[in-house]
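Respectively, the protein sequence lines represent chains U and G. Letter by letter, the first sequence follows residues 0 to 448 of numbering that gives the first Met the number 0. Letter by letter, the second sequence follows residues 0 to 223 of numbering that gives the first Met the number 0. A virtual CB, placed ideally from N, CA and C, is assigned to each residue, including glycine.
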Amino acid sequence: MNLVTIAWKSIRQRALASSLTALSVALGVTLMVTVLVMHSVIFKTFNQPATGYDLIVGAKGSPLQLVLNTIFHLGKPVENIPYLYYKELKENPRIEAAIPLALGDTTQQGGFRIMGTIPEFFGVEYMPDKKFGVYKGGRYLSKPFDAVIGASVAKANNWGIGSTFKPVHGVDDGSGEAHVHDEEFTVVGVLGRTGTPNDKGVFVHLDGFYMIEGHEKPADEAYAKAVATAKLLGKEPPPPPKPQADDAHDDDDEHGHHHHHHGPIPDEQKEVTAVLIRTKSPIVTPQLQGFINDQPQAQAVSPIQQISLLFSTFIDNVQLMLLVLITMIILVSGVGIFVSIYNSMSDRKREIAIMRALGARRGSVFSIILAESILLCVGGGILGVLLGHGLVFAAAPYVEAKSGIVMNPWAFEWIELVLIPALIVLASLVGMVPGMTAYRTDVAKALAN
Amino acid sequence: MSLILKQVRKSYTEPDGTKLPILNVEHFALDKGEQVVLVGESGGGKTTLLNVISGITQADSGTVQVDGHDLTGMFEAKRDRFRAERIGFVFQTFNLLDAFTALENVMLGMSFAGNNGGKAVARELLQRVGLGHRLNHRPSALSVGEQQRVAVARSLANKPSLLLADEPTANVDVKNQELILKLIRDACSERNVSLLMVTHSQEVAGQFERVEQLGDFNKPGESK
Ligand SMILES: Nc1ncnc2c1ncn2[C@@H]1O[C@H](COP(=O)(O)OP(=O)(O)OP(=O)(O)O)[C@@H](O)[C@H]1O
Ligand SMILES: [Mg+2]
């Protein structure tokens, strides 16, 4: 029998006290693992969708709001920018892909956000090395009244290919006063789950989006804005718009639905909410950002930077506080182990003396006590790691159903690797004092009792 | 010679600072394989003498030789190992560790002598003391007599050359006393192990050829 086996048998002898103290360590570690996994889930949730695009261009204002609104569908949509600006931007040689998003409507059922975009949206990776995919039988946008829906939308609304819906203007607050558009869109594709807010998105063809009644900016307003911008740029004001001929024509789609929309709106009256930008190389990103920001029409923000900023100022501090608290909980568990072992020492004087009489060295009995402490701490620690990940494992389906976040219960954090050595250090400190008691045991005296 | 003590002195310092001499042995020796019983009044220093012989207690002066090795000159760690390998022990009571089975208690003694296997040897020894059917019992599930037999088995596990027994039969009934005594004596003669046994029992002492009265060779009061 080696010293660890001997220590283990002694622990087993005091099964109740041992398991309680180990359990207290385990619970502390469980908390720690849960917080770590939660943090990484939150971080990934926020960070990963932000990694797909180098820049987001939108109306000047709060950069964070632009990112949160465009990528995470949080908060009210920001101001719009002219479509003509987007067209001009697209020609910039530093840009590889520029994808417009037009926001403002939601679905009547479930209140999912409708985004007008171009078919190219689905061709660009939404995260590095992650491409959109549609379920079998589906396709991407090609006709104006096509819609492609995210996985969560399909599940929640029980929609599939062929389902139709009418957009609601603005966010339906349930008051029943929201304006339902007459135009009807048909689902032509369901996206595979991405684990990003895209799962809750309804994507419609930008052309169709503009055909929705009221989505064009009134000609006089659009013109006034264009003139104001030209003035800021020191350019010639654009020519005033020609009065529009009402050449509305009927357009039967393949399902025979009747869309009584009016004719295509001129580009001057079109607007987009944001433009997602992929640059040709990371080197040119800051240049492009500077160039856009120097001009009056729009701002360009880096989504990753905004998310990092949000994290470092808010969530990281919360996490730090939690970790400090949990570390203290684990230290208290360590004290519990100390008390448990220390209390047992007076009962074990004779045991230790017998071992010494049998030829155990002082160092050996010290090591046995230390090993007990380490076994309790590390055993509790391992149990805690398993419990923590087990908890994540159990919670994963619910979290995924609720938020679309895919949690990997076996994603270990680097801190967990530090945890076990840290527990060994704690256990060594805790075991030191009772270990010394064992070391110093007066064998003759203890045997006489 | 299996054991030689020369000019061994041991005294305890009382809390008030006065010295309390316990041992002052000019010469004491045991031949290889010899079986000796040690008697003497309570508090006379018999247990202290055994502890000095095994190296559990350091003598103040003098030499203790076991198998020709001087224990008093050894570093503690070496003395511990020496004890594990060459000296067997049986105490009056509570010889065993509660956390371990009978078999494990025997193996425990072996592991401190650097023998980490020895299950077969331990089992054989327990069978030898008639406990082949009690191998996996904890001490709490054994009678006092059985516990003492486990202790006897354990004391022999490392093939010692000297067995020290401190009143091993004081707490058992007559029947067990006979049994245990016979076990110890037979095992010692089989293996040519020297035996030094402390007893208060006239009956036990009467069975030995050589009976030593501690007071006859221990003169703690004489010369400082
Ligand atoms: N650690 C110690 N410190 C001080 N005095 C001690 C210590 N150990 C033993 N003594 C004293 O030494 C004397 C001898 O004790 P010891 O146990 O050797 O006697 P003994 O002959 O074995 O007695 P008994 O037959 O009752 O077991 C006693 O007076 C005891 O009080
Ligand atoms: Mg005694």
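Closest residue to residue i among the options (Cα-Cα distance)
| i | options | result |
| --- | --- | --- |
| residue 296(U) | 32(U), 228(U), 408(U) | 228(U) |
| residue 203(U) | 215(U), 56(U), 183(U), 218(U) | 183(U) |
| residue 98(U) | 358(U), 116(U), 107(U) | 116(U) |
| residue 215(G) | 181(G), 40(G), 17(G) | 40(G) |
| residue 360(U) | 131(G), 108(G), 198(G), 204(G) | 108(G) |
| residue 13(U) | 106(G), 99(G), 63(G) | 99(G) |
| residue 331(U) | 26(U), 447(U), 194(U), 82(U) | 26(U) |
| residue 299(U) | 23(U), 60(U), 51(U), 44(U) | 60(U) |
| residue 141(U) | 150(U), 130(U), 120(U) | 120(U) |
| residue 442(U) | 354(U), 94(U), 62(U) | 354(U) |
| residue 144(G) | 93(G), 187(G), 105(G) | 93(G) |
| residue 128(U) | 218(U), 366(U), 193(U), 62(U) | 193(U) |
| residue 107(U) | 71(U), 84(U), 55(U), 164(U) | 164(U) |
| residue 0(G) | 217(G), 137(G), 191(G), 132(G) | 191(G) |
| residue 349(U) | 206(U), 85(U), 161(U), 437(U) | 437(U) |
| residue 303(U) | 8(U), 54(U), 34(U) | 54(U) |
8 Å Cβ cutoff met for residue i and residue j
| i | j | result |
| --- | --- | --- |
| residue 87(G) | residue 155(G) | yes |
| residue 88(U) | residue 226(U) | no |
| residue 179(U) | residue 148(U) | no |
| residue 465(U) | residue 272(U) | Nothing can be reported for residue 465(U), as the shown portion of chain U is limited to 0 through 448. |
| residue 195(G) | residue 65(G) | no |
| residue 141(G) | residue 101(G) | yes |
| residue 120(G) | residue 147(G) | no |
| residue 446(U) | residue 90(G) | yes |
| residue 374(U) | residue 6(U) | yes |
| residue 306(U) | residue 58(U) | no |
| residue 378(U) | residue 111(G) | no |
| residue 114(U) | residue 200(U) | yes |
| residue 264(U) | residue 222(U) | no |
| residue 149(G) | residue 61(G) | no |
| residue 33(G) | residue 209(G) | yes |
| residue 103(G) | residue 406(U) | no |
| residue 3(U) | residue 387(U) | no |
| residue 80(U) | residue 267(U) | no |
| residue 95(U) | residue 278(U) | yes |
| residue 193(G) | residue 2(G) | yes |
| residue 430(U) | residue 372(U) | yes |
| residue 44(G) | residue 217(G) | yes |
| residue 418(U) | residue 380(U) | yes |
Residue i beta carbon near ligand 2 (any heavy atom closer than 7 Å)
| i | result |
| --- | --- |
| residue 441(U) | no |
| residue 198(G) | no |
| residue 46(G) | yes |
| residue 165(G) | yes |
Bridge partner(s) assigned by DSSP for residue i
| i | result |
| --- | --- |
| residue 117(G) | Answer is none; residue 117(G) lacks a bridge partner. |
| residue 99(U) | 274(U) |
| residue 163(U) | 185(U) |
| residue 126(G) | Answer is none; residue 126(G) lacks a bridge partner. |
| residue 211(G) | 37(G) |
| residue 10(G) | 20(G) |
| residue 86(G) | 161(G) |
| residue 126(U) | 129(U) |
| residue 5(G) | 26(G), 62(G) |
| residue 217(G) | 24(G) |
| residue 200(U) | 112(U) |
| residue 300(U) | 55(U) |
| residue 179(U) | 167(U) |
heavy atom of ligand 1 below 7 Å from residue i C-beta
| i | result |
| --- | --- |
| residue 453(U) | Any question about residue 453(U) goes unanswered here, given that chain U covers just 0 to 448. |
| residue 348(U) | no |
| residue 19(G) | yes |
| residue 8(U) | no |
| residue 53(G) | no |
| residue 41(G) | yes |
| residue 11(G) | yes |
Min CB distance residue i to chain A below 8 Å
| i | result |
| --- | --- |
| residue 108(G) | Absent from the structure: chain A. Protein chains present are U and G. |
message = Please list, in chain order, the residues of the segment 46–67 of chain G that have any C-beta partner in chain U closer than 8 Å.
response = 46, 47, 50, 53, 55, 56
key: Interface positions of the segment 342–360 of chain U facing chain G (Cβ-Cβ less than 8 Å), listed along the chain   = 349, 350, 353, 354, 355, 356, 357, 358, 359, 360
ask   = In the segment 4–16 of chain U, which residues sit with their C-beta less than 9 Å from some C-beta in chain G, listed in chain order?
value = 4, 5, 8, 9, 10, 11, 12, 13
key: Selection of the segment 427–442 of chain U by Cβ proximity to chain G, strictly under 8 Å   = 442
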